[in-house]
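So the sequences go chain by chain: G, C, F and S. Counting in my numbering, the first sequence runs from 48 upward without gaps. Counting in my numbering, the second sequence runs from 48 upward without gaps. Counting in my numbering, the third sequence runs from 48 upward without gaps. Counting in my numbering, the fourth sequence runs from 48 upward without gaps. Working notes, beginning with the structure itself.
4 protein chains.
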Amino acid sequence: MTQPAKHTWKSKIHEVIYEADTPAGKIFDVILLILILLSVALVMLESVANMQIKYGTYFYIGEWVITIFFTVEYILRVISIKKPSAYIFSFYGLIDFISTIPLYLSFFIVGTNALLTIRALRLLRVFRILKITRYIGEGNKLTKALKDSRPKILVFLFAVMILSVIAGTLMYIVEGPEHGFKSIPVSVYWCIVTLTTVGFGDIAPVTALGQFIAMVIMVLGYGIIAVPTGIVSAEMAKKDTVEPDQKGLRLNTQVCHNCGARKHQDEAQYCHKCGSSLHYD
Amino acid sequence: MTQPAKHTWKSKIHEVIYEADTPAGKIFDVILLILILLSVALVMLESVANMQIKYGTYFYIGEWVITIFFTVEYILRVISIKKPSAYIFSFYGLIDFISTIPLYLSFFIVGTNALLTIRALRLLRVFRILKITRYIGEGNKLTKALKDSRPKILVFLFAVMILSVIAGTLMYIVEGPEHGFKSIPVSVYWCIVTLTTVGFGDIAPVTALGQFIAMVIMVLGYGIIAVPTGIVSAEMAKKDTVEPDQKGLRLNTQVCHNCGARKHQDEAQYCHKCGSSLHYD
Amino acid sequence: MTQPAKHTWKSKIHEVIYEADTPAGKIFDVILLILILLSVALVMLESVANMQIKYGTYFYIGEWVITIFFTVEYILRVISIKKPSAYIFSFYGLIDFISTIPLYLSFFIVGTNALLTIRALRLLRVFRILKITRYIGEGNKLTKALKDSRPKILVFLFAVMILSVIAGTLMYIVEGPEHGFKSIPVSVYWCIVTLTTVGFGDIAPVTALGQFIAMVIMVLGYGIIAVPTGIVSAEMAKKDTVEPDQKGLRLNTQVCHNCGARKHQDEAQYCHKCGSSLHYD
Amino acid sequence: MTQPAKHTWKSKIHEVIYEADTPAGKIFDVILLILILLSVALVMLESVANMQIKYGTYFYIGEWVITIFFTVEYILRVISIKKPSAYIFSFYGLIDFISTIPLYLSFFIVGTNALLTIRALRLLRVFRILKITRYIGEGNKLTKALKDSRPKILVFLFAVMILSVIAGTLMYIVEGPEHGFKSIPVSVYWCIVTLTTVGFGDIAPVTALGQFIAMVIMVLGYGIIAVPTGIVSAEMAKKDTVEPDQKGLRLNTQVCHNCGARKHQDEAQYCHKCGSSLHYD
Numbered sequence: 048m049t050q051p052a053k054h055t056w057k058s059k060i061h062e063v064i065y066e067a068d069t070p071a072g073k074i075f076d077v078i079l080l081i082l083i084l085l086s087v088a089l090v091m092l093e094s095v096a097n098m099q100i101k102y103g104t105y106f107y108i109g110e111w112v113i114t115i116f117f118t119v120e121y122i123l124r125v126i127s128i129k130k131p132s133a134y135i136f137s138f139y140g141l142i143d144f145i146s147t148i149p150l151y152l153s154f155f156i157v158g159t160n161a162l163l164t165i166r167a168l169r170l171l172r173v174f175r176i177l178k179i180t181r182y183i184g185e186g187n188k189l190t191k192a193l194k195d196s197r198p199k200i201l202v203f204l205f206a207v208m209i210l211s212v213i214a215g216t217l218m219y220i221v222e223g224p225e226h227g228f229k230s231i232p233v234s235v236y237w238c239i240v241t242l243t244t245v246g247f248g249d250i251a252p253v254t255a256l257g258q259f260i261a262m263v264i265m266v267l268g269y270g271i272i273a274v275p276t277g278i279v280s281a282e283m284a285k286k287d288t289v290e291p292d293q294k295g296l297r298l299n300t301q302v303c304h305n306c307g308a309r310k311h312q313d314e315a316q317y318c319h320k321c322g323s324s325l326h327y328d
Numbered sequence: 048m049t050q051p052a053k054h055t056w057k058s059k060i061h062e063v064i065y066e067a068d069t070p071a072g073k074i075f076d077v078i079l080l081i082l083i084l085l086s087v088a089l090v091m092l093e094s095v096a097n098m099q100i101k102y103g104t105y106f107y108i109g110e111w112v113i114t115i116f117f118t119v120e121y122i123l124r125v126i127s128i129k130k131p132s133a134y135i136f137s138f139y140g141l142i143d144f145i146s147t148i149p150l151y152l153s154f155f156i157v158g159t160n161a162l163l164t165i166r167a168l169r170l171l172r173v174f175r176i177l178k179i180t181r182y183i184g185e186g187n188k189l190t191k192a193l194k195d196s197r198p199k200i201l202v203f204l205f206a207v208m209i210l211s212v213i214a215g216t217l218m219y220i221v222e223g224p225e226h227g228f229k230s231i232p233v234s235v236y237w238c239i240v241t242l243t244t245v246g247f248g249d250i251a252p253v254t255a256l257g258q259f260i261a262m263v264i265m266v267l268g269y270g271i272i273a274v275p276t277g278i279v280s281a282e283m284a285k286k287d288t289v290e291p292d293q294k295g296l297r298l299n300t301q302v303c304h305n306c307g308a309r310k311h312q313d314e315a316q317y318c319h320k321c322g323s324s325l326h327y328d
Numbered sequence: 048m049t050q051p052a053k054h055t056w057k058s059k060i061h062e063v064i065y066e067a068d069t070p071a072g073k074i075f076d077v078i079l080l081i082l083i084l085l086s087v088a089l090v091m092l093e094s095v096a097n098m099q100i101k102y103g104t105y106f107y108i109g110e111w112v113i114t115i116f117f118t119v120e121y122i123l124r125v126i127s128i129k130k131p132s133a134y135i136f137s138f139y140g141l142i143d144f145i146s147t148i149p150l151y152l153s154f155f156i157v158g159t160n161a162l163l164t165i166r167a168l169r170l171l172r173v174f175r176i177l178k179i180t181r182y183i184g185e186g187n188k189l190t191k192a193l194k195d196s197r198p199k200i201l202v203f204l205f206a207v208m209i210l211s212v213i214a215g216t217l218m219y220i221v222e223g224p225e226h227g228f229k230s231i232p233v234s235v236y237w238c239i240v241t242l243t244t245v246g247f248g249d250i251a252p253v254t255a256l257g258q259f260i261a262m263v264i265m266v267l268g269y270g271i272i273a274v275p276t277g278i279v280s281a282e283m284a285k286k287d288t289v290e291p292d293q294k295g296l297r298l299n300t301q302v303c304h305n306c307g308a309r310k311h312q313d314e315a316q317y318c319h320k321c322g323s324s325l326h327y328d
Numbered sequence: 048m049t050q051p052a053k054h055t056w057k058s059k060i061h062e063v064i065y066e067a068d069t070p071a072g073k074i075f076d077v078i079l080l081i082l083i084l085l086s087v088a089l090v091m092l093e094s095v096a097n098m099q100i101k102y103g104t105y106f107y108i109g110e111w112v113i114t115i116f117f118t119v120e121y122i123l124r125v126i127s128i129k130k131p132s133a134y135i136f137s138f139y140g141l142i143d144f145i146s147t148i149p150l151y152l153s154f155f156i157v158g159t160n161a162l163l164t165i166r167a168l169r170l171l172r173v174f175r176i177l178k179i180t181r182y183i184g185e186g187n188k189l190t191k192a193l194k195d196s197r198p199k200i201l202v203f204l205f206a207v208m209i210l211s212v213i214a215g216t217l218m219y220i221v222e223g224p225e226h227g228f229k230s231i232p233v234s235v236y237w238c239i240v241t242l243t244t245v246g247f248g249d250i251a252p253v254t255a256l257g258q259f260i261a262m263v264i265m266v267l268g269y270g271i272i273a274v275p276t277g278i279v280s281a282e283m284a285k286k287d288t289v290e291p292d293q294k295g296l297r298l299n300t301q302v303c304h305n306c307g308a309r310k311h312q313d314e315a316q317y318c319h320k321c322g323s324s325l326h327y328d
């Protein structure tokens with residue numbers, strides 16, 4: 048990839064932070080990823096009572112180190128891009144903001160600490176490193192297969208919902224509150240638990256009629272599971288046959304300096320979204 | 048769509064109530080849908096004990112308001128169609144009737160209140176509003192795939208049933224009433240719970256032999272789940288290849304004034320069922 | 048179908064009992080089916096304690112009536128066929144015998160009563176009545192798809208078994224007898240329960256490490272479920288494309304008078320197995 | 048297959064131990080298989096408390112007999128191959144070593160006995176006997192289908208993990224430690240249990256909001272199960288169409304005397320890996 052001749056400090060930061068195909072960019076991304084994983088692990092461990100008692104202070108320090116790093120990173124991201132609003136209101140921009148703010152908020156509001164796990168969403172960035180083009184391609188294929196089968200899935204979900212409400216009411220009438228089916232919403236909850244074959248067993252039918260209805264629901268659920276699978280399988284098989292034509296283009300990890308758009312092709316010279324040059328000068 | 052020149056009040060009501068492609072018809076359908084959802088929510092919340100205590104009176108008033116609306120709607124539907132019996136004994140006509148009557152019945156018979164959830168079935172009307180042609184098309188495709196694989200599914204269900212009876216008896220002999228397998232029907236119930244991978248855990252084998260048989264049943268159930276999935280997948284893949292030819296026709300939401308038939312094509316001038324003109328005059 | 052000119056009483060009985068395409072044969076089959084269903088229902092209800100106390104005598108009488116009918120039917124089947132051994136040692140012949148004998152045995156050995164549910168296997172005859180050619184065709188297709196994917200399924204089952212033994216041992220070491228993992232066989236049982244996503248919950252990991260391993264097993268099981276489904280789906284899709292060629296031949300329900308072979312084509316004049324004429328004379 | 052003219056004792060042992068297509072080799076493999084199965088069964092039974100009390104001594108003796116046999120076999124495998132290191136550090140070589148050593152170790156370290164179940168891995172050898180070429184082919188196909196869909200599966204697993212962390216935290220906040228959701232890691236564990244439709248029921252939501260979130264997770268899990276299935280199905284269908292071209296070559300069970308490489312074709316004269324002659328001389 049041809050790089051611009053003159054490098055300002057802004058363009059350098061932009062390259063390191065936003066791109067993953069230069070050595071510096073790669074190292075930055077790996078460090079970022081490790082810190083995100085660490086921060087998520089920290090929040091999880093903090094919630095374990097006897098961990099918190101033993102290592103509470105270390106957790107607190109670690110939390111602050113990571114938050115400060117994230118704050119600096121966020122500020123750099125905002126100033127190194129030509130059009131900051133494009134980053135700030137983008138999907139990743141909002142996640143970055145929301146995952147940085149909770150610790151500051153915890154000074155004012157108690158309990159916001161748990162919000163720190165939103166940082167897990169930042170893990171989505173991981174795909175940028177692991178041979179990004181290939182994985183994003185797979186992810187897109189998955190997303191596309193799901194999107195294309197959305198009307199089918201909506202019809203299916205709607206049918207499941209109506210079935211659950213009817214069957215839940217039936218179970219409420221048959222079993223009644225004395226066997227754990229306390230109200231219709233709880234019965235509908237039980238119905239979903241059974242239809243999806245999860246079957247916690249916190250509530251279970253006791254009367255003969257209730258067990259019979261449960262059997263019908265279970266066999267139905269067993270049959271119904273075939274429907275979304277069939278939908279996605281068919282959609283996926285279709286996708287795979289179309290694939291060869293799409294395989295030609297290879298995306299890289301460059302990010303437009305002007306509007307922050309991603310997914311530029313390898314030979315692209317201008318941003319496919321705002322039309323400004325991809326070379327920083 | 049060309050509309051008739053002379054509008055009687057009956058034809059106007061017919062248009063508003065039965066069709067969803069005029070603005071008035073759309074608004075009516077959305078209001079109807081909201082009321083149906085509200086009424087289902089009401090019945091569900093009423094069954095929650097402490098909700099009923101707090102807001103019981105409001106629930107009761109809301110229930111009556113909705114029931115009166117449904118009653119008026121039902122009467123209008125009957126009088127605005129030329130051949131009322133065609134509507135009254137149609138699928139939706141029966142559902143409309145059954146979902147209106149329970150509150151009136153509750154004067155005479157105690158406990159019919161819970162029947163109000165049958166109103167959930169009225170939710171099926173939702174498909175008429177959400178870009179109907181597309182969703183009904185998807186729904187039809189799903190239904191067709193299921194209908195075409197019916198003989199395969201019946202054979203499969205029959206095999207599952209015979210297997211459950213045999214395995215249930217076996218478990219009853221091995222585990223016996225002292226471990227929760229109280230009778231053969233209960234054992235068969237447990238068997239279905241296990242085969243469908245629901246696994247409530249209200250009954251679980253205790254003896255070594257019982258656990259061994261349970262393992263065999265589970266692995267079988269695990270393998271068997273592949274069968275309906277495979278059936279529907281194959282059927283669906285077939286459907287998708289046939290699809291293009293069917294895509295040509297677009298259905299609208301018009302309903303015949305004479306016989307109440309639905310699913311007319313966009314250019315249709317006469318009802319495809321009874322042959323009378325689709326124009327009201 | 049051309050029928051033999053001279054009818055002896057044996058040939059008449061043969062026609063009624065073994066074939067389902069004459070009116071008399073159809074009526075006989077339906078009666079037989081109802082009696083089989085009744086007898087299975089009887090055995091199941093007998094096992095329900097308070098049913099047995101109330102209606103025990105009726106159950107006993109009903110049991111005997113059915114057993115005598117089955118005995119007479121069995122004797123007629125044996126004497127109306129030219130080569131009795133062909134029937135006696137056939138699959139259905141053995142099932143018929145085993146499902147007739149238990150009540151007689153109960154005079155000598157206590158507890159054989161429960162064996163009466165083997166009669167459920169006789170239900171397989173139902174396929175002969177319900178438009179047999181179509182359903183047997185579907186059944187054969189299912190069986191063939193399963194048989195063709197047998198090597199794949201065996202490899203898969205073997206892998207699952209090895210995985211279960213290893214993971215079960217691991218859980219036994221990690222959780223130990225004090226958390227319900229009493230021995231390696233019990234741990235392997237728990238492992239199968241988890242891998243197949245049944246999840247009874249009678250045994251559940253308590254330690255952090257145990258829960259972590261359980262998570263890995265569950266996600267594995269979740270992924271593994273895709274394998275048999277994929278196998279059968281692929282096999283089934285293949286079957287469906289081959290189908291048209293096989294559709295040409297139509298089987299009927301005739302049974303050879305000499306050797307008892309089934310599945311003769313509609314125009315067949317001679318048994319495809321022993322070569323003797325299908326006309327009784 | 049043409050065999051070498053001069054047989055040294057080493058080449059004879061090599062033939063018996065490493066190959067499965069001579070009668071002696073087949074018998075050796077069957078004996079080995081039985082001993083492996085026996086040894087795994089022994090370890091499993093030993094862990095059952097009352098079995099250990101009754102038959103402990105026999106288990107101990109059996110264990111030693113098998114271990115001595117395995118030791119001898121291991122030594123013979125090492126000395127009968129020209130390049131011992133090729134065997135010792137191969138997959139099977141390591142398993143053979145690890146599954147032989149635990150009993151010796153148990154003299155020095157207490158508790159290593161349970162490691163004996165690693166012997167289950169040796170069961171993988173069973174595939175060499177059961178018409179190996181065919182089954183290895185199927186196994187390879189399965190492995191290949193899984194390998195080809197690895198990027199898709201990784202993306203999928205990653206998405207599941209992120210979803211679990213977020214939903215687990217949500218449940219921890221909503222339900223809290225008083226309803227069993229003791230910490231975020233435990234909540235994430237519960238989330239995986241629910242998403243995979245295992246549903247132990249050791250932890251179950253109690254509050255209305257918790258049950259609502261659980262319902263969403265379950266329906267999601269139900270939908271998500273379709274994704275890996277769809278992936279593998281599509282991959283498998285692809286594999287099956289490519290199959291015919293690969294079917295031409297047949298592998299045998301010969302093992303190179305020099306480097307221990309397997310999977311030689313039936314007409315192969317030289318090792319496909321190190322190039323040395325397959326004839327021992």
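By construction, the Cβ of each residue, glycine as well, lies at the ideal position given by its N, Cα and C atoms. Computed from a predicted model, the values in this text were never measured in an experiment.
Straight-line Cα distance separating residue j from residue i
i: Lys194(S); j: Met91(F); result: 49 Å
i: Arg124(G); j: Ala214(S); result: 29 Å
i: Ser196(S); j: Gly277(F); result: 12 Å
i: Gly72(S); j: Ile60(S); result: 9 Å
i: Gly268(F); j: Thr216(F); result: 17 Å
i: Tyr107(F); j: Ala255(G); result: 23 Å
Closest by C-alpha distance to residue i, when choosing among the options
i: Asp228(S); options: Ala251(S), Glu120(S) and Thr190(S); result: The sequence shown places Phe at residue 228(S), rather than the Asp named in the question. Checking every option, the nearest Cα to that of Phe228(S) belongs to Ala251(S).
i: Ile122(C); options: Ser234(C), Ile108(C), Gly270(C) and Ile64(C); result: Ile64(C)
i: Val253(G); options: His226(G), Cys238(G), Ser234(G) and Gly270(G); result: His226(G)
i: Leu210(F); options: Val235(F), Ile145(F), Trp111(F) and Gly257(F); result: Val235(F)
Short CB-CB distance (under 9 Å) between residue i and chain C
i: Glu290(G); result: In this prediction, Glu290(G) has a pLDDT of 42, which is less than 50 and means its spatial position is unreliable; what the coordinates show is noted afterwards. Not closer than 9 Å to any Cβ of chain C, the Cβ of Glu290(G) fails to qualify, so no.
is_contact[residue i, chain F] using C-beta, thresh 9 Å
i: Pro70(C); result: no
i: Val240(G); result: no
Closer than 9 Å to chain S by CB, residue i
i: Ile122(G); result: no
i: Met91(G); result: yes
i: Thr276(F); result: yes
What are the residues of the region 103 to 117 of chain G that lie near chain S, defined by any Cβ-Cβ distance shorter than 7 Å?
none
Below 8 Å between beta carbons is the criterion; list the residues of the region 194 to 211 of chain S that meet it against any residue of chain F, in chain order.
Ile200, Leu204 and Val207
Taking a cut of 8 Å between CB atoms, which residues from the region 130 to 149 of chain G lie near chain S?
none
Which runs of the alpha helix (DSSP H), 4 residues or longer, sit entirely within the region 223 to 251 of chain F?
231 to 242
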